[in-house]
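In the numbering used here, the protein residues as written are 2 to 318.
Backbone N, C-alpha and C fix where the C-beta goes; we use that ideal spot for every residue, glycine too.
Please read the structure below before turning to the comments.
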């Protein structure tokens with residue numbers, strides 16, 4: 002297949018683009034480089050620098066069999082301060098992208114969604130039938146795109162999969178987890194272990210969780226990338242999919258920090274500060290549906306393996 006990967010200079014996008022290339026697909030990598038890094042893009046991909054919401058640019062790239070859409074702003078706390086930016090970037094740009102692609106005959110679209118659509122849930126794990134109640138404009142932006150895709154699928158104009166990620170982590174030497182700005186716990190903790198930062202700040206120690214810190218379901222980026230490839234294949238026979246991508250196991254911030262210290266063999270300063278707006282207490286996936294429909298088994302997503310791989314990748318220049 003000829004596949005357009007947007008946000009292909011980012012952590013998950015570049016890893017998925019590499020996997021698609023390994024599977025024999027032709028990949029066109031589109032990224033504005035506002036957040037992504039050019040060196041992340043696989044050398045075998047055709048790279049195009051530009052905005053996915055640029056309709057004329059997207060049309061100029063020709064027709065595609067499929068699109069895997071990663072390009073988005075991902076910072077929930079920033080979305081609380083600047084919701085208009087997130088709706089413009091994550092929602093409006095996505096629908097301009099869809100406008101351009103549908104006009105050129107696109108058949109399959111895989112969307113990088115998020116567990117943020119569920120908001121602050123009490124009962125874990127969360128399955129796809131759970132009520133949708135985003136806790137931040139970021140989560141709302143993802144839900145708005147999902148709703149638009151549901152309409153397109155219902156009208157028979159597109160086959161689409163919305164993949165609700167829980168916490169992507171891990172990495173490889175070619176695709177380490179790095180964001181600008183960096184907001185994720187594991188890479189920040191590794192920076193502190195390496196002496197690149199003076200200390201680690203943990204947002205909140207009074208959540209209604211066993212140790213008072215947030216609980217998250219960490220999924221290795223390589224397992225996540227594989228799910229995208231499987232979703233593209235599943236859309237051959239299924240017009241629409243909405244799937245959680247996680248492990249079903251939660252790890253608290255304290256547990257992550259302890260694992261980072263154990264894997265790196267380094268002690269570092271941890272400071273607990275006020276909660277951050279937009280952060281739910283816990284988010285743990287039920288991945289039963291993804292296993293059944295995609296025949297997907299996350300094999301690299303135990304916390305120690307994730308941190309070991311992230312640590313190895315993080316030490317590359």
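Less than 8 Å between the C-beta atoms of residue i and residue j, yes or no?
i           : j           : result
residue 60  : residue 104 : yes
residue 254 : residue 186 : yes
residue 163 : residue 140 : no
residue 323 : residue 200 : Past the edges of the chain, shown from 2 to 318, lies residue 323, and the structure says nothing about it.
residue 7   : residue 22  : no
residue 160 : residue 109 : yes
residue 285 : residue 249 : yes
residue 111 : residue 233 : yes
residue 47  : residue 229 : no
residue 283 : residue 251 : yes
residue 311 : residue 170 : yes
residue 137 : residue 80  : yes
residue 264 : residue 238 : no
residue 166 : residue 225 : yes
residue 193 : residue 274 : no
On the three-state DSSP scale, how would you describe residue i?
i           : result
residue 15  : helix
residue 7   : strand
residue 176 : coil
residue 132 : coil
residue 200 : coil
residue 306 : helix
residue 124 : coil
residue 58  : helix
residue 50  : strand
residue 186 : helix
residue 118 : helix
residue 206 : coil
residue 102 : helix
Below 8 Å on the Cβ atoms is my guess for residue i versus residue j; work out the distance and round it to an integer in Å.
i           : j           : result
residue 9   : residue 38  : With 8 Å as the limit, residue 9 and residue 38 do not qualify as a contact, their Cβ atoms being about 11 Å apart.
residue 206 : residue 213 : 5 Å
residue 219 : residue 288 : Contact flag wrong, Cβ pair sits at about 13 Å.
Quick one, which of the options has its alpha-carbon nearest residue i's?
i           : options               : result
residue 65  : 107, 168 and 171      : 107
residue 244 : 252, 251, 235 and 40  : 235
residue 217 : 127, 92, 46 and 75    : 127
residue 119 : 113, 129 and 133      : 133
residue 29  : 148, 167, 63 and 246  : 63
residue 45  : 15, 299 and 122       : 15
residue 276 : 87, 77, 166 and 307   : 77
residue 210 : 125, 149 and 151      : 125
residue 260 : 198, 190, 299 and 273 : 190
residue 27  : 12, 121 and 2         : 2
residue 89  : 219, 72 and 102       : 72
residue 102 : 85, 130, 87 and 69    : 69
Compare the C-beta of residue i against all C-beta atoms of chain D and say whether one is closer than 8 Å.
i          : result
residue 26 : Reference to chain D is not applicable here, since this structure consists of a single protein chain.
Every unbroken beta strand (DSSP E) inside the segment 15 to 41 [3 residues or more]: 27 to 32
Within the segment 211 to 295, ranges of the alpha helix (DSSP H) (whole runs, at least 4 residues): 222 to 235, 254 to 265 and 289 to 295
Segments of 3+ residues assigned as beta strand (DSSP E) that fall wholly inside the segment 58 to 91: 67 to 70
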